[in-house]
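Residue numbers (my numbering): 2 to 398. For reference, the structure is listed below as structure tokens.
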Amino acid sequence: MIKLLLTLIISSFSFFIVTAQNFVTLHEDCNYSGKQAELYVGNYRYYQMKIGNDELSSLQIPPNLKVIIYEHDNFKGKSKTLYSNVACLPDGWNNNVSSLKVQERYNTGNNGYVTFYKDCYKKGYFKTLNPGVYSGAKLGLLRENISSFSIHGNLLIRAYLNSSFTNGKSYIFIADQNCLSDLYNDKIKSIKIEVRSNNNYYNQQNNGIPYMSGDYASFYSSCSFKGNSLHLKPGTYTGSQLGILKYRISSLKVPSNLRVRAYKNKTTPSGQYYSITNDISCLNSILNDKIGALVIEYRNNTGVNTLSSINERVKIFVDTDYKGQYVTLLPGSYSSMTQIGFPDNALSSLILPEGFRVVLYEEENFGGQSYTINRSKTRFYFSGWNDKTSSIKVYRE
2 MIKLLLTLII
12 SSFSFFIVTA
22 QNFVTLHEDC
32 NYSGKQAELY
42 VGNYRYYQMK
52 IGNDELSSLQ
62 IPPNLKVIIY
72 EHDNFKGKSK
82 TLYSNVACLP
92 DGWNNNVSSL
102 KVQERYNTGN
112 NGYVTFYKDC
122 YKKGYFKTLN
132 PGVYSGAKLG
142 LLRENISSFS
152 IHGNLLIRAY
162 LNSSFTNGKS
172 YIFIADQNCL
182 SDLYNDKIKS
192 IKIEVRSNNN
202 YYNQQNNGIP
212 YMSGDYASFY
222 SSCSFKGNSL
232 HLKPGTYTGS
242 QLGILKYRIS
252 SLKVPSNLRV
262 RAYKNKTTPS
272 GQYYSITNDI
282 SCLNSILNDK
292 IGALVIEYRN
302 NTGVNTLSSI
312 NERVKIFVDT
322 DYKGQYVTLL
332 PGSYSSMTQI
342 GFPDNALSSL
352 ILPEGFRVVL
362 YEEENFGGQS
372 YTINRSKTRF
382 YFSGWNDKTS
392 SIKVYRE
């Protein structure tokens, strides 16, 4: 009996270790020996692999991850995808890897899943959850310990800060979070994960009770009606009431019976304002991330300072700060960079006119990981997307 109990304890402990691990271990020699390095989800060139160029001989890969190894630096040459531990790489690969990618590998149902992490930038202990209701007890070690998460599929998250039983006021997330702000970091006590639809957006000022269609305006932290959101009924909202969206509004939806007064660089609704009476998929530089207070009212006259989109093309550059070789792109899908006269894995900055968005892909034909950009951007080092793009889609809203 004692031996059986000990076996069960060891088995349970082993399962916990595998579940909690979200990194791969590289080894310089076969049989998991020699110099080693732990790598989290991301892309690694030869100088980032920590064990040296052409030195990889064995790998330990947890079941939730996969590794793509490349013969040459910058993810070029022949490649091979690995899904489990490799005690010794075969001839042709042993001591012949110059770059690699570590990626998540989960398939937990047709409706998608969300992976929550204890630390920022998707590191540390993690748990993957399907759509459902999760009390504080079900979150376990992640109760008041969530710092980042990734959403896979058409899902939204309702986060509850004041309840371990998913009741009361909640906050909606519909996009990945690399590092939650102080308002939410290590403060989420329970969650709901739902499949997104037109009927499940609730006004967060009213404890989750939905308003009738057309009686609220929706505000989003990212262009194209994405990112964190608030859905507000007619009323006056100061900067403190906007919370996470204070100076973070990039797009909005306004029904035909309402008007929004947007106050630029102010946290109280006074003085000059911009009147908006229609949906805007990406605010221009006048208001983008500059709205600090709002008034939402029923329409009885026309507004002023109507915003409209300008310019026609996206411009991409090989160097940071919008320098070096560049090409201009009309809306469309481009399955490789060479077809548009642009080097592969070389994009470092881009200019987006108002109303445009682009989706970058790490592999040709829109394969691999993707990254959506809704405004002009340079210096991709922090996001890990510098010199990484192999195909691109351009949209105009």
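All C-beta atoms, glycine included, are put in the ideal place defined by N, C-alpha and C.
{"Query": "3-residue-minimum beta strand (DSSP E) runs that sit fully inside the region 342 to 377, ordered along the chain", "Result": "350 to 352, 357 to 364 and 368 to 374"}
{"Query": "Continuous beta strand (DSSP E) stretch holding Ala176: start and end", "Result": "No beta strand (DSSP E) contains Ala176, which DSSP labels as neither H nor E."}
{"Query": "Burial state of Leu284, where buried means 16 or more other Cβ atoms lie within 10 Å", "Result": "buried"}
{"Query": "The region 348 to 357 / the region 377 to 395 touching (three or more Cβ pairs under 8 Å)", "Result": "yes"}
{"Query": "Below-7 Å beta-carbon distance, Phe220 vs any chain B residue", "Result": "Looking for chain B here will not work: only one protein chain is present."}
{"Query": "Counted within 10 angstroms of its Cβ, other Cβ atoms place Phe117 as buried (16 or more) or exposed", "Result": "buried"}
{"Query": "Counterpart residues of Thr116 in DSSP-defined beta bridges", "Result": "Thr129 and Ser151"}
{"Query": "Whether Ile158 touches Phe174 by CB criterion (7 Å)", "Result": "yes"}
{"Query": "Rounded straight-line distance, which links the Cα of Thr390 to that of Gln370", "Result": "10 Å"}
{"Query": "Check whether Val395 and Val315 have beta carbons under 7 Å apart", "Result": "yes"}
{"Query": "C-alpha distance - Tyr248 paired with Tyr122, whole-angstrom precision", "Result": "23 Å"}
{"Query": "Identity of the residue in Ser34, Lys227, Arg46 and Leu130 nearest Val87 by Cα", "Result": "Ser34"}
{"Query": "7 Å Cβ shell around Thr82 - same chain, five flanking residues per side excluded", "Result": "Lys67 and Ile69"}
{"Query": "First and last residue of the uninterrupted alpha helix (DSSP H) at Ser241", "Result": "Gly240 to Leu243"}
{"Query": "Per-residue DSSP class, three states only, for Leu288", "Result": "coil"}
{"Query": "Nearest-angstrom beta carbon gap, Val25 and Val98 [assumed within contact, 8 Å]", "Result": "About 13 Å separates the two Cβ atoms, so there is no contact after all."}
{"Query": "From Ile292, Tyr185, Tyr126 and Thr129, residue whose alpha carbon lies closest to that of Ser271", "Result": "Ile292"}
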